[in-house]
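Trainee:
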Ligand SMILES: [Zn+2]
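Numbering (my numbering), first residue to last: 237 to 512.
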């Protein structure tokens, strides 16, 4: 049995995450800065462990931290789209969503020499225009939806959601979906956020979080032929202190389960012909 693969993904939001929330004072900006500070140690861990990964990087981060983004690319990690300033796409009309992705795709192409193959919406927001825009830009895969846990599928276009009748499913697009989940995301587990509207407690034990992640990877390896587990991490979250040691143990635990590590683009290109 093919035990499957883990796509470790890093959303290198840096300061853009706080800009998107209107928090541009030195305090929240410094939280974003930490993401860039942590890149070196994250790349060191990935180099030691021999793990290829995908970094979803907003255009704002590409322009603010060119040296760190170049180091990510030079280490062989994939760089994919993640908005410009972490805009929730549902706040954008079609032209604006297209413009944001064009602008950021040009920045990625300038850095890597080729257009981005992949895309993840900021905060996994989504619109009816998202997939048509990705198709127009030649993007091969998306990683923002949650329709399955460990099996890639083709994202649909033309869904119709009417509360007064059954949901009408649209047609499959050529865009491969590598599904995500809040359950495999470090942000809600670990990050403490307090605003006027909400308190997100976070601050859980990183070892316990990775034990949950590993239990999901084990379930996939045991039950899904050639499954794909997409794990979402943020440099400004996972890069802090002992959380890095917990990440290193998680990688070792995955290896013991017999699963592989692959970049999203490599998975998308491998599974695409087999999807229907
Ligand atoms: Zn993000």
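Idealized CB from N, CA, C, for every residue including glycine.
1. With a cut-off of 8 angstroms on the beta carbons, I'd call residue 293 and residue 318 a contact; round off their distance for me.
2. Between the C-alpha atoms of residue 417 and residue 494, what's the straight-line distance to the nearest angstrom?
3. Can you look up residue 397 in the DSSP assignment and give me helix, strand or coil?
4. Considering only heavy atoms of ligand 1, does any lie closer than 7 angstroms to the CB of residue 378?
5. Between residue 489 and the rest of its own chain, which residues show a CB-CB distance below 7 angstroms, the 5 nearest in sequence each way excluded?
6. Can you give me the start and stop residues for the beta strand (DSSP E) that residue 315 sits inside?
7. Report the start-end ranges of each alpha helix (DSSP H) in the region 371-418 that is 4 residues or longer and not cut off at the edges.
8. What residue range does the beta strand (DSSP E) around residue 291 cover?
9. Buried or exposed for residue 252, going by 16 or more other Cβ atoms inside 10 Å?
10. Select from 386, 478 and 468 the residue whose C-alpha is nearest the C-alpha of residue 459.
11. Should residue 356 and residue 426 be called a contact, given that it needs their Cβ atoms to be closer than 8 angstroms?
12. Return the chain-ordered list of same chain residues with a C-beta closer than 7 angstroms to the C-beta of residue 482, the five sequence neighbours on each side being excluded.
13. DSSP state of residue 297, grouped into three classes?
14. By Cβ distance, which residues of its chain are closer than 6 angstroms to residue 499, with the 5 residues on each side in sequence left out?
15. Could you tell me whether any non-hydrogen atom of ligand 1 is closer than 7 angstroms to the CB of residue 318?
16. Would you mind sorting residue 310 into buried or exposed? The rule is 16 or more other CB atoms within 10 Å of its CB.
17. Compute the distance between the beta-carbons of residue 505 and residue 345, then report whether it is under 8 angstroms.
18. Ligand 1 and residue 358: does any heavy atom of the ligand fall closer than 7 angstroms to the residue's C-beta?
19. Use the C-beta contact count for residue 303: other C-beta atoms within 10 angstroms, 16 or more gives buried, fewer gives exposed.
20. Does ligand 1 have a heavy atom nearer than 7 angstroms to the CB of residue 253?
21. Nearest to residue 456 by CA position, among 384, 508 and 266, is which residue?
22. Using the three-state DSSP reduction, which class does residue 460 fall into: helix, strand or coil?
23. Give the DSSP bridge partners of residue 465, in chain order.
Mentor: On the basis of the coordinates in this document:
1. For the purposes of this step, residue 293 is taken as the residue at position 57 of the chain shown. For the purposes of this step, residue 318 is taken as the residue at position 82 of the chain shown. Confirmed, Cβ separation roughly 6 angstroms.
2. By one-based count along the chain shown, residue 417 stands at place 181. By one-based count along the chain shown, residue 494 stands at place 258. C-alpha separation (whole angstroms): 22 angstroms.
3. As a working note, residue 397 is residue 161 in the chain shown. Three-state result, residue 397: coil.
4. Mapped onto the chain shown, residue 378 falls at position 142. Ligand 1 never approaches residue 378 closely enough for any of its heavy atoms to be under 7 angstroms from the residue's Cβ.
5. Start at 1 with the first residue of the chain shown, and residue 489 comes out as number 253. Here the set comprises 450.
6. Walking along the chain shown from the start, residue 315 turns up at place 79. Where residue 315 is concerned, the enclosing beta strand (DSSP E) stretches over 314-317.
7. For the region 371-418, there is no continuous alpha helix (DSSP H) assignment of 4+ residues that stays within its boundaries.
8. Within the chain shown, numbered from 1, the residue matching residue 291 stands at position 55. That run of the beta strand (DSSP E) goes 290-293.
9. Within the chain shown, residue 252 is the residue found at index 16, counting from 1. So residue 252 counts as buried.
10. Counting from 1 along the chain shown, the entry for residue 459 is found at position 223. Looking only at 386, 478 and 468, the smallest Cα-Cα distance to residue 459 is reached by 386.
11. By 1-based counting over the chain shown, the position of residue 356 is 120. By 1-based counting over the chain shown, the position of residue 426 is 190. No. Outside cutoff.
12. Locating residue 482 in the chain shown gives position 246, where the first residue counts as 1. Contacts found: 442, 443 and 446.
13. In the chain shown, residue 297 corresponds to position 61, counting from 1. Residue 297 falls in the helix class under three-state DSSP.
14. Counting from 1 along the chain shown, the entry for residue 499 is found at position 263. Contacts found: 288, 290 and 314.
15. Indexing the chain shown from 1 puts residue 318 at position 82. At least one heavy atom of ligand 1 is nearer than 7 angstroms to the Cβ of residue 318, so yes.
16. Stepping through the chain shown from its first residue, residue 310 is reached at position 74. The residue is exposed, with fewer than 16 neighbouring Cβ atoms inside 10 Å.
17. Along the chain shown, one-based indexing puts residue 505 at 269. Along the chain shown, one-based indexing puts residue 345 at 109. Against a cut-off of 8 angstroms, the Cβ pair of residue 345 and residue 505 comes out as no contact.
18. Here residue 358 refers to the residue found at position 122 of the chain shown. Under cutoff, so the answer is yes.
19. The count along the chain shown starts at 1 and reaches residue 303 at position 67. Around the beta carbon of residue 303, fewer than 16 other beta carbons sit within 10 angstroms, so the residue counts as exposed.
20. Taking the first residue of the chain shown as 1, we reach residue 253 at position 17. At least one heavy atom of ligand 1 is nearer than 7 angstroms to the Cβ of residue 253, so yes.
21. For this step, residue 456 is matched to residue 220 along the chain shown. Checked all of 384, 508 and 266; the closest Cα to residue 456 is 384.
22. Taking the first residue of the chain shown as position 1, residue 460 is located at position 224. Correct three-state label for residue 460: coil.
23. Locating residue 465 in the chain shown gives position 229, where the first residue counts as 1. According to DSSP, which records beta bridges pairwise, residue 465 is partnered with 242.
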